[in-house]
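Down below is the structure, laid out as structure tokens.
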Amino acid sequence: SEKFLIREFHALCDGGLCMDMLTEDEKRMVTKENKLILSGVIQRAEAENANGRFYPRPILEREMKKYETSIKARRSLGECDHPDRPVVELKNASHILREYWWNGNDLMGKIEVLSTPAGQILRNLHEDNVPFGISSRGLGSLRNEKGKVIVEEDFGLICYDVVSEPSTAGAYLLKEGKWEKVETLIH
196 SEKFLIREFH
206 ALCDGGLCMD
216 MLTEDEKRMV
226 TKENKLILSG
236 VIQRAEAENA
246 NGRFYPRPIL
256 EREMKKYETS
266 IKARRSLGEC
276 DHPDRPVVEL
286 KNASHILREY
296 WWNGNDLMGK
306 IEVLSTPAGQ
316 ILRNLHEDNV
326 PFGISSRGLG
336 SLRNEKGKVI
346 VEEDFGLICY
356 DVVSEPSTAG
366 AYLLKEGKWE
376 KVETLIH
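Residue 291 in my numbering sits at position 96 of the sequence shown; the count goes up by one each step and never skips.
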């Protein structure tokens, strides 16, 4: 079947900083070393989104298990903005996924903004109070089942990108730390 580039959008915590989600070491990095660590929901399983798309949790669990190797090796890079290609370009890397965990069917994550040129853009935008969203990028096929569009077993996670223009109102940082999600599909 035909594979698509599948992208998901989520908002991050107010200002991107959810201090209650940070370890003591990460809090020190933020306060003493001026690191920027963004956190929040990065993906959602077992829920139909506004586009009628459904991500089975076993598929996301499998992909995150595979992605753990990249996380541990500090190769879990993402880009500033959301390219239409299935590869992360090093010259555009802006951040790295440090950690993930499940909270019910919400996949939570911590993203460290890098000192790269693209990372500096994110940092400067953050300092200017520009809201960020988080977006997964992956390749996979879809099937229609009783009005639902279900992501198939061949889905492969590429990365998590930081985005400034989610295509649905409210998919930005929210003071209450609540999350909104939008999904875009590109051929």
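We put the CB at the ideal spot given by N, CA and C, even for glycine.
Because the structure is a prediction, the values reported are computed rather than measured.
(request) Using beta-carbon positions only, say whether G333 and I353 come within less than 8 angstroms of one another. (result) The residue given as residue 333 occupies position 138 in the sequence shown. The residue given as residue 353 occupies position 158 in the sequence shown. Yes, Cβ-Cβ distance for G333 and I353 is below 8 angstroms.
(message) For the beta strand (DSSP E) containing H277, name the first residue and the last one.
(response) As a position in the sequence shown, residue 277 is number 82, starting the count at 1. That residue, H277, is in no beta strand (DSSP E); it is neither H nor E in DSSP.
(message) Rounded to whole angstroms, what is the Cα-Cα separation between E348 and P312?
(response) Taking the sequence shown and counting its residues from 1, the one referred to as residue 348 is at position 153. Taking the sequence shown and counting its residues from 1, the one referred to as residue 312 is at position 117. Near 36 angstroms, if we compare the C-alpha coordinates of P312 and E348.
(request) Using alpha carbons as the reference points, say which of R248, V282, K230 lies closest to L309. (result) For the purposes of this step, residue 309 is identified with residue 114 of the sequence shown, where counting begins at 1. Considering only alpha carbons, the answer is K230.
(request) Please list, in chain order, all residues of the same chain as L154 whose beta carbon is under 8 angstroms from its beta carbon, the five residues on each side excluded. (result) No statement about residue 154 is possible, as the shown extent of the chain runs from 196 to 382 and does not include it.
(message) Could you compute how far the alpha carbon of F199 sits from the alpha carbon of I345?
(response) What you label residue 199 is simply residue 4 of the sequence shown in a count that begins at 1. What you label residue 345 is simply residue 150 of the sequence shown in a count that begins at 1. Whole-angstrom Cα-Cα distance: 12 angstroms.
(message) Which residue wins for smallest C-alpha separation from N287, given the options L317, Y295, M303?
(response) Along the sequence shown, one-based indexing puts residue 287 at 92. Nearest of L317, Y295, M303 to N287, Cα basis: L317.
(message) What does the Cβ neighbour count give for R239, buried or exposed, with the cut at 16 atoms within 10 Å?
(response) In the sequence shown, the residue the question calls residue 239 occupies position 44. Counting Cβ neighbours within 10 Å, R239 comes out buried, since at least 16 surround it.
(request) Put A313 into one of helix, strand or coil per three-state DSSP. (result) Mapped onto the sequence shown, residue 313 falls at position 118. Residue state, collapsed to three classes: helix.
(request) Just mark V417 as buried or exposed, buried being the case when its beta carbon has 16 or more other beta carbons within 10 Å. (result) Any question about residue 417 goes unanswered here, given that the chain covers just 196 to 382.
(request) Run the CB neighbour count on D323, radius 10 Å, all protein chains shown included, and call it buried at 16 or more, exposed below. (result) Taking the sequence shown and counting its residues from 1, the one referred to as residue 323 is at position 128. Burial call: exposed.
(request) With a 10 Å radius around its C-beta and 16 neighbouring C-beta atoms as the bar for buried, classify D356 as buried or exposed. (result) Residue 356 sits at position 161 when you count from the first residue of the sequence shown. It counts as buried.
(message) Looking at chain C, is there any beta carbon in it that lies within less than 8 angstroms of the beta carbon of F249?
(response) Given the protein chain composition of this structure (a single chain), no chain C is represented.
(message) Is the separation between the beta-carbon of E258 and that of N300 shorter than 8 angstroms?
(response) Along the sequence shown, one-based indexing puts residue 258 at 63. Along the sequence shown, one-based indexing puts residue 300 at 105. Cβ distance not < 8 angstroms, so E258 and N300 don't count as in contact.
(request) Return the CA-CA distance between I254 and D276, expressed in angstroms with no decimal places. (result) Along the sequence shown, read from residue 1 onward, the residue named residue 254 stands at position 59. Along the sequence shown, read from residue 1 onward, the residue named residue 276 stands at position 81. Going from the Cα of I254 to the Cα of D276 covers about 25 angstroms.
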